[in-house]
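Single-structure report; data block below.
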Amino acid sequence: HVNYYEFNPYKSGTWRKAAALPVSPWEIAIGGLVDRPLKYSIDDLVKAFPLEERIYRHRCVETWAMVVPWLGFPLRKLIEAVQPKSNAKFVRFTTADTEELCRIAPPSGFPWPYREGLTLAEASNELAFLAVGFYGERLFKQNGAPVRLVVPWKYGFKSAKSLVRIDFVERQPSTFWNAADSFEYGFYANVDPEKPHPRWSQASEWLIDTRERRPTEKYNGYGKWVAHLYRGDEV
Ligand SMILES: Nc1nc2c(c(=O)[nH]1)N[C@H]1C(S)=C(S)[C@@H](COP(=O)(O)O)O[C@H]1N2
Ligand SMILES: [Mo]
């Protein structure tokens with residue numbers, strides 16, 4: 005189960021197409037409303053921020069779920085390094101513009117490049133994570149090499165892959181799935197068993213290794229750390 009629509013909307017065999025993604029050299033730029041805009045090569049990034057392992061649950065909006073041992077560092081540390089200005093309220097994440105590569109499997113009609121967004125408070129939460137690896141290795145291209153976002157209390161589509169930019173902005177940024185279909189995919193997209201997707205229930209989920217069905221947990225089980233961020237009217 006891989007979702008990387010730039011290459012393939014069918015979840016399997018994506019690795020074959022994603023092989024075309026040139027991940028080295030790679031640069032990620034952090035800018036917008038910050039006092040210290042920064043640019044890192046991936047080597048510089050992993051030198052600047054010590055890597056740690058985080059074992060997180062992953063819950064796709066399509067109801068499949070899994071547990072992933074990520075390797076990376078809390079996004080909070082990068083935010084501290086760039087020093088957002090006081091008018092920065094949201095953070096926007098941009099995936100590499102793979103327009104050339106997309107012609108392999110042209111998914112037309114989507115608002116490319118893939119973008120995602122968080123409030124500054126969400127992005128500063130200890131659980132929001134930038135991953136450069138998993139299972140003790142570097143990320144595979146189809147899983148978002150060389151660096152991706154991981155937001156474990158939200159549906160998986162928030163966790164944008166293969167990032168080239170992180171920008172601090174004043175207003176809620178337009179995001180890929182929200183722009184493609186705002187009725188089905190909200191900006192906040194917190195995991196919630198009580199809020200059904202317009203086309204299916206979110207009350208339960210299934211684990212992709214064992215196919216076990218289990219009840220969905222609010223905030224994907226991370227409420228203790230993130231529930232205070234919300235008043236209840238976010239969608
Ligand atoms: N750039 C980009 N990031 C993306 C996606 C995508 O299609 N393109 N799919 C999202 C979705 S829907 C999910 S569930 C996760 C899947 O991550 P995985 O394929 O590594 O399990 O990536 C998210 N990040
Ligand atoms: Mo997803």
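All residue numbers for the sequence shown refer to this note's numbering, where the first residue is 5 and numbers rise by one.
Using N, Cα and C, we set each Cβ at its ideal position, and we do this for glycine too.
- For the pair residue 133 and residue 192, the Cα-to-Cα distance works out to about 17 Å.
- Residue burial is scored here from C-beta neighbours: residue 224 has at least 16 other C-beta atoms within 10 angstroms and is therefore classed as buried.
- Setting aside the 5 residues that flank it on each side, residue 5 is surrounded in the same chain by 15, 68 and 212, each with a C-beta closer than 6 Å to its C-beta; the list follows chain order.
- Beta-bridge partners assigned by DSSP to residue 97: 120 and 170.
- Per the DSSP secondary-structure output, residue 36 pairs in a beta bridge with 172.
- According to the DSSP assignment, residue 137 belongs to no alpha helix (DSSP H) but to the beta strand (DSSP E) extending over 133-138.
- Inter-residue distance for residue 45 and residue 75 is about 17 Å (C-alpha atoms, whole angstroms).
- From the listed residues 43, 49, 233 and 56, the smallest Cα separation to residue 139 is found for 56.
- Only buried fits residue 63, as 16 or more other CB atoms lie within 10 angstroms of its CB.
- Closest in C-alpha terms to residue 217, from the list 227, 158 and 206, comes 206.
- In this structure, the alpha-carbon of residue 84 lies about 14 Å from that of residue 54.
- Near ligand 2, meaning a beta-carbon closer than 7 Å to one of its heavy atoms, we find 7, 64, 65, 66, 159, 160 and 161.
- By the CB criterion at 8 Å, residue 105 and residue 25 fall inside the cutoff.
- At least one heavy atom of ligand 1 is found less than 7 Å from the C-beta of residue 10.
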